[in-house]
Amino acid sequence: MRVLITNRLCWCSGPTVHPPAEEEFTTTNCPAPYRLRISGPALISALAALLILAFGAAALAADPAAKPAAKPAAKATVSTTAGGQWIEEPADIPYAVTGALATGKNTVATLRLEAEGSKVVLKIDNGQAQFLALVNGKMVPVGAAGKLAHLGTDPHPFTVDRTRWELTCIAGGQIVCRGYSLAPESEKVGWDGGAALGDLRVQPLGKIEFVDDFTRVADASNTGSTWDNVHGKWGQKALREDVQAAAMDASKSTNPFSYFGEPTDTAPAIAVTGYWFWRDYMMASAVRGFPDTVMGLVVCYQSLTNYLAVEWHSKIAADDPDVLRLIAVENGKPRVLKEIKGGFLPGMWYRLGLGYSDGHLAAFVDGVNRLSVAIDAMGQGQAGIMTSGTGGAYFDDVSVDDWTIFRDDFSTPQPGRWAADRGNWTTTGTAMSLNCSGEAYAAAGEPEWPNYLAAVSLKGTASSAGLLVDAGSAHPVLIAVRSGGAPSLAILSRDASTKSWQELVSAPCSALSSKPARLSVHVEDGLVVGSLGGVSVQAFVPTCHGGRLALYGRDARSLAFSNVALDFIAPPKTSHTTKEFTNTDRHFEMVEWASRRHMWVAASLAAPGAEGSVAGQWWSKGDYRGHYDVDFPLTGVGTRDFTLTLVLDGDPTARDSGITITLAGKKDQKSIHFTVKAAGKMVAEKDCTPEGAEAHIQCSRLGEFIAISVGEDCIFHQRLSALSAAPLAAVRPTGEEKPK
């Protein structure tokens, strides 16, 4: 949920703090949240190294000379003990263990993953594989068993992916079984079973980040490219197709190139990038095709005979028109998973995306999820672009990023996926049911899960039922429907000392019944929003940033939870302005709108003759809606006198509008004095002492709340309605001289 309010930003400064310089501005372009980072000229030297790193990273990301960096799987040094063989170096989580697996009717083997107080095994016995973990002194199943019959008796490659919570066994290109067990930071890897397991290697796993806009000189051989052209004809091509296209000068154009593919026979043309161990990711590309083009994307590519893909046909194709389709190619045989009507218009550019995570494949068009299906296949592999039909297709601005979701419809029981704490939990095939006296919960996920949007369907009877966020931590947050004479939707936090629940906010709502009700929770940087049947409540909990998700009930009878869905909130991406846009000596026509120095307008220009205009004030040029941050480092704390003022949600035409935050400090004093005013009236004062001479300050608008943080500590937060009865409009920065 987003509360959309038009906002503007204001920067004011005292005698020793100046408005931001041009080089120090970055903004984040996304629907919401918006982020704005600002700093004064005194901070240029401190930021110089960061800017060099940032631009260097961008250059590396766009450089197609080599594939994304990854440490290859290394053959491990092995030691042998009475308990089997062990890789001597511990594996840091996340990682993948890969090797060869030989199966047969009488094959028995065990892969061991152990650390102090933690033990997980993959047991292979009589053609089946299953994960077990040490729980309360006993080895118990932590996932459903899977069959290995498709492998035969010859050795086949296999992989066990180990993340902070999830385990996945992949053999013969297929997911065999999954398991769920919280892991330490690292663990030992060992095995026994004779020749059944061999050639084991450990592959470190990390964040997936790949972009390619194809801005480079065409190379017919594609030597040194990030792409492997596994089938069909592929190469660089200018976006323009007229007679002057060959004379285009790349140095005078933003990006005249794209990657063009066309089939050479009836099989699809495919080019791939990345690594065999990539998993849980989203691939996206700008695409353009012709009337009889079929264009698409590929994930979990293992070979020309094994991959998952999306196919998109044009609206006017001669054969099979107007369709968007998800397919799986297994052992060379394509299979349609799901399709809908809705083709592309020839000659138009679109943003096509394909993601695979948690056994779900989803297709996106221009950021909208158009098609999704559950399929537990492949599990990992390279990413690719694909085209078939006739005419070929253009691909540009390709990106591959981590993409993780969590889904559970309880159709397939998975022991250990939900770790129960008290209560009687049963799975019916469509739901998980709870009967309990007192409170009980069942948790899933990782303690480090970041901001997310989660939802569950509820029905049955309970004095309280809902979702527990940051479950298992010292400060969990509960979003629950409470029964009684006046049913309500509430957000509660648990007091660490008394262990009792404290209500933060509540609102009347419909009571639970035999019909499912959809409860959702949005957790983002301390903002917690609960929604049920049109009723919404918000609270700000500084310590809440995600964590494990749990199903919760108190005094429950046949309380059923179904269709759990969790999607992570993507962090905002920082935009950048090219040097051509900021070099106003050569591009004078861009002075008034393109340069970052013109994001800020003097008060006299922002609101000529306005009552609230102050000499030295600078207001942001744009309006900011929804969630945004003003984020800046403050240096020299304790070494100089300073005064810095920010106005959040202010209006340049009205004096004392919005929320005014003033930071002040003195030489030889390590503390920063904060004051907060609403509509010109003092509402809060706070002293804060940072650890060093530099403090990272963040002033945020989060839904209905204003929050101020110094480093990792939130020092102030307040609901806007409690600060001012009048509607709030906006924010901007000011200084003594025009930003340069």
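So for the sequence shown, our numbering puts the first residue at 1274; every next one is plus one.
All residues carry an ideal CB built from backbone N, CA and C; glycine is no exception.
Margin query: Would C1709 and N1724 qualify as a contact pair, given that the criterion is a beta-carbon distance under 8 Å?
Written below: Along the sequence shown, one-based indexing puts residue 1709 at 436. Along the sequence shown, one-based indexing puts residue 1724 at 451. No, the Cβ-Cβ distance between C1709 and N1724 is not below 8 Å.
Check: Within this structure, are the beta carbons of I1481 and D1631 separated by less than 8 Å?
Finding: Taking the first residue of the sequence shown as 1, we reach residue 1481 at position 208. Taking the first residue of the sequence shown as 1, we reach residue 1631 at position 358. Result no, Cβ atoms of I1481 and D1631 do not sit closer than 8 Å.
Notebook entry, point to check: Three or more beta-carbon pairs under 8 Å between the segment 1809-1820 and the segment 1748-1759, yes or no?
Noted result: Verdict: yes, contact present.
Margin query: What ranges does the beta strand (DSSP E) occupy inside the segment 1413-1473, keeping only unbroken runs of at least 3 residues that lie completely in it?
Written below: Segments of the beta strand (DSSP E) lying fully in the segment 1413-1473: 1429-1435, 1439-1444, 1447-1453, 1459-1465.
Next item on the list: Ignore the nearest five residues each way along the sequence and tell me which others in I1589's own chain have a CB closer than 6 Å to its CB.
Entry: For the purposes of this step, residue 1589 is taken as residue 316 along the sequence shown, with counting starting at 1. Excluding residues within five positions, the ones whose Cβ falls inside 6 Å are P1564.
Checklist line | Three-state class that DSSP yields for S1877 in the structure shown | finding: Translated into the one-based positions of the sequence shown, residue 1877 becomes position 604. For S1877, the secondary structure class from DSSP, reduced to helix, strand or coil, is helix.
Check: Using DSSP with H/G/I as helix, E/B as strand and the rest coil, what is A1559?
Finding: Within the sequence shown, the letter at position 286 stands for residue 1559. Shown here, A1559 sits in a strand according to DSSP, grouped into three states.
Next item on the list: Quickly, what does DSSP pair N1502 with across the bridge? List them, please.
Entry: Locating residue 1502 in the sequence shown gives position 229, counting from the first residue. As a beta-bridge residue in DSSP terms, N1502 pairs with A1544.
Notebook entry, point to check: Out of W1464, D1922, L1936, which has the shortest C-alpha to C-alpha gap to A1951?
Noted result: For the purposes of this step, residue 1951 is taken as residue 678 along the sequence shown, with counting starting at 1. Residue D1922 is the option with its Cα nearest to A1951.
Notebook entry, point to check: Among V1802, G1758, V1754, L1805, which residue has its Cα nearest to the Cα of R1827?
Noted result: Here the question's residue 1827 lines up with position 554 in the sequence shown. Among V1802, G1758, V1754, L1805, the Cα nearest to that of R1827 is on V1754.
Margin query: For L1785 and S1706, I'd like the C-alpha separation in whole angstroms.
Written below: Counting from 1 along the sequence shown, the entry for residue 1785 is found at position 512. Counting from 1 along the sequence shown, the entry for residue 1706 is found at position 433. If I take the Cα positions, the gap works out to 14 Å.
Item checked: For L1577, the three-state DSSP class (helix, strand or coil) -> Residue numbering aside, residue 1577 sits at position 304 when the sequence shown is read from its first letter. It is coil, neither helix nor strand.
Margin query: Measuring only the C-alpha atoms, how far is S1793 from L1762?
Written below: Your numbering for residue 1793 matches position 520 in the sequence shown. Your numbering for residue 1762 matches position 489 in the sequence shown. C-alpha separation (whole angstroms): 11 Å.
Check: Touching or not, the segment 1377-1396 and the segment 1451-1464, by the rule of three or more beta carbon pairs under 8 Å?
Finding: In the pairwise beta carbon analysis, the segment 1377-1396 is classified as touching the segment 1451-1464: at least three pairs are separated by under 8 Å.
Notebook entry, point to check: Does DSSP put S1587 in a helix, a strand or coil?
Noted result: Counting from one through the sequence shown, the residue named residue 1587 turns up at place 314. Correct three-state label for S1587: strand.
Note to self: Can you look up S1831 in the DSSP assignment and give me helix, strand or coil?
What the structure shows: As a working note, residue 1831 is residue 558 in the sequence shown. Here DSSP, grouped into helix, strand and coil, assigns S1831 to strand.
Check: So is T1660 buried or exposed if we call it buried at 16+ other beta carbons inside 10 Å?
Finding: For this step, residue 1660 is matched to residue 387 along the sequence shown. So T1660 ends up on the buried side.
Next item on the list: Starting from the N-terminal side, write out each stretch of the beta strand (DSSP E) that is 3 residues or longer and does not extend beyond the segment 1905-1973.
Entry: Within the segment 1905-1973, the complete beta strand (DSSP E) runs of at least 3 residues are 1915-1921, 1932-1938, 1945-1951, 1954-1961.
Notebook entry, point to check: Hey, G1605 and T1578: beta-carbon distance below 8 Å or not?
Noted result: Working through the sequence shown from its first residue, we reach residue 1605 at position 332. Working through the sequence shown from its first residue, we reach residue 1578 at position 305. Less than 8 Å separates the beta-carbon of G1605 from that of T1578.
Check: Okay, do the segment 1446-1454 and the segment 1615-1627 touch, 3+ Cβ pairs below 8 Å being the bar?
Finding: No, the segment 1446-1454 does not touch the segment 1615-1627.
Check: DSSP on S1994, reduced to helix/strand/coil?
Finding: Locating residue 1994 in the sequence shown gives position 721, where the first residue counts as 1. Here S1994 sits in helix by DSSP.
Notebook entry, point to check: Considering only C-alpha positions, which residue in the set D1914, S1645, T1912, T1918 is nearest to F1905?
Noted result: The residue labelled residue 1905 in the question sits at position 632 within the sequence shown. Of the candidates D1914, S1645, T1912, T1918, the one whose C-alpha sits nearest the C-alpha of F1905 is T1918.
Notebook entry, point to check: Does the beta-carbon of V1602 have 16 or more other beta-carbons within 10 angstroms, so that it is buried, or is it exposed?
Noted result: Reading the sequence shown from its first residue, position 329 is the one you call residue 1602. When all chains shown are included, V1602 counts as buried.
Next item on the list: Quick one: using the 10 Å Cβ neighbour count with 16 as the cut-off for buried, is R1552 buried or exposed?
Entry: The residue labelled residue 1552 in the question sits at position 279 within the sequence shown. Answer is buried; the Cβ neighbour count reaches 16.
Notebook entry, point to check: For L1470, which option in D1485, G1547, P1428 has the closest C-alpha, if you only look at C-alpha atoms?
Noted result: Counted from its first residue, the sequence shown places residue 1470 at position 197. Looking at the Cα atoms, P1428 is the closest of the given residues.
Checklist line | Close beta carbons around D1398, own chain, < 7 Å, minus the five adjacent residues each side | finding: The residue given as residue 1398 occupies position 125 in the sequence shown. Excluding positions up to five away in sequence, the list reads V1381.
Item checked: Three-state secondary structure (DSSP) of Y1307 -> Position 34 of the sequence shown, counted from the first residue, corresponds to residue 1307. Bear in mind that a pLDDT of 31 at Y1307, under 50, signals an unreliable position, so the model cannot answer this.
Margin query: Between the alpha carbons of V1814 and I1360, how many angstroms are there, rounded?
Written below: Mapped onto the sequence shown, residue 1814 falls at position 541. Mapped onto the sequence shown, residue 1360 falls at position 87. Cα to Cα, V1814 sits roughly 44 Å from I1360.
Notebook entry, point to check: Do you know offhand how far V1810's Cα is from T1699's?
Noted result: As a first step, residue 1810 must be located in the sequence shown, where it is residue number 537. As a first step, residue 1699 must be located in the sequence shown, where it is residue number 426. For V1810 and T1699, the distance between alpha carbons rounds to 30 Å.
Checklist line | In DSSP terms, what C1987 is bridged to | finding: Counting from one through the sequence shown, the residue named residue 1987 turns up at place 714. DSSP lists S1982 as partners of C1987.
Notebook entry, point to check: Cβ of R1680 within 8 Å of Cβ of Y1453?
Noted result: Translated into the one-based positions of the sequence shown, residue 1680 becomes position 407. Translated into the one-based positions of the sequence shown, residue 1453 becomes position 180. The answer is no: Cβ separation not under 8 Å.
Check: With burial defined as no fewer than 16 other Cβ atoms inside 10 Å of the residue's Cβ, what is the status of M1568: buried or exposed?
Finding: Mapped onto the sequence shown, residue 1568 falls at position 295. The residue in question, M1568, is buried, as its Cβ has 16 or more Cβ neighbours within 10 Å.
Next item on the list: Taking the CB atoms as reference points, tell me whether T1908 and A1966 lie closer together than 8 Å.
Entry: The sequence position of residue 1908 within the sequence shown is 635, counting from 1. The sequence position of residue 1966 within the sequence shown is 693, counting from 1. Judged by their CB atoms, T1908 and A1966 are nearer to each other than the 8 Å cut-off.
Note to self: On a Cα-Cα basis, can you pick out the residue from L1374, D1798, Y1667, T1703 that is closest to Y1532?
What the structure shows: As a working note, residue 1532 is residue 259 in the sequence shown. For Y1532, the nearest C-alpha among the options comes from Y1667.
Margin query: Taking only three categories from DSSP, how would you classify G1702?
Written below: For this step, residue 1702 is matched to residue 429 along the sequence shown. If DSSP states are grouped into helix, strand and coil, G1702 belongs with coil.
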